[in-house]
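Each position in the sequence shown, counted from 1, maps to that position plus 29 in the numbering used here. Single-structure report; data block below.
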Amino acid sequence: MFRQTAIISALLVAGTLGAQAQEISISKGQWTTNTSFTGTMTMGGNTMPVPAQNDSQTQCFKTEEDTTFSPDMMGLEGCNTSNVVSGKNSMSFDVACTQDGMDMTGNMSFTIAADKNSLEGTMNLSSDSNGMTVALDGTFDGQRTGDC
C-alpha cells in the first residue's frame, strides 16, 4: 500500500527529462508543493480507509529543463502514459503502472496559472489485483515562493 503512495508522490514531484512534443512550463525559482492523498482499500469484502497522507516540499528549479513538464518526464519504471491532452496552461493524461506485480491505472490533470507562478491538479489511481482493490485520490498545488 505504501508502495503505491510512493509511486504517486514520485509522479507528482518527478525529476526532469528533455523537452517533448506535448509540454507546459512553470517559472524558474524556488517552489513549494503540497500533496494530499486519501483512498480506500477493499479486501475480502471489507473496505478500509487508507490513512491520509500529506506532504510539502520546497525545490529550486533553475533551468528550462527543470521547469518544463511532459507526461514522458514522469519516467517511472513500469509506467506508461496515454491519451495526453495538452493546452497552453493545462495538461491531462492517463497513466498505467506495474510495480511489484501490482497493476495500477488512473489519470492526472493539472493547470498552471497564466503567470506560471502557481499550479494545481488532481490524480486518481486504482488497482484491482490479488483480491485487493485500492482506490487513491490525490490533490496537489504549488506556488513559486521566490528566487533560488
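Think of the CB as a built atom: it goes at the ideal place given N, C-alpha and C, for glycine as much as any other residue.
Euclidean distance between Cα positions of residue i and residue j
{"i": "V114", "j": "T76", "result": "34 Å"}
{"i": "S158", "j": "D132", "result": "7 Å"}
{"i": "T134", "j": "A142", "result": "27 Å"}
{"i": "M72", "j": "V163", "result": "9 Å"}
{"i": "G150", "j": "G74", "result": "31 Å"}
{"i": "A125", "j": "G160", "result": "19 Å"}
Bridge partner(s) assigned by DSSP for residue i
{"i": "N146", "result": "Answer by DSSP bridge pairing: none, since N146 is not bridged."}
{"i": "Q86", "result": "T62"}
Check whether residue i and residue j have beta carbons under 9 Å apart
{"i": "F122", "j": "T140", "result": "no"}
{"i": "L165", "j": "G68", "result": "yes"}
{"i": "M152", "j": "N136", "result": "yes"}
{"i": "T64", "j": "N83", "result": "yes"}
{"i": "L148", "j": "D170", "result": "yes"}
Short CB-CB distance (under 9 Å) between residue i and chain D
{"i": "S54", "result": "The chain inventory of the structure shown lacks chain D, comprising one protein chain alone."}
Next on the checklist: Could you check whether the region 84-100 touches the region 113-129, counting it as contact only if at least three pairs of C-beta atoms, one from each stretch, sit closer than 8 Å?
Outcome noted: yes
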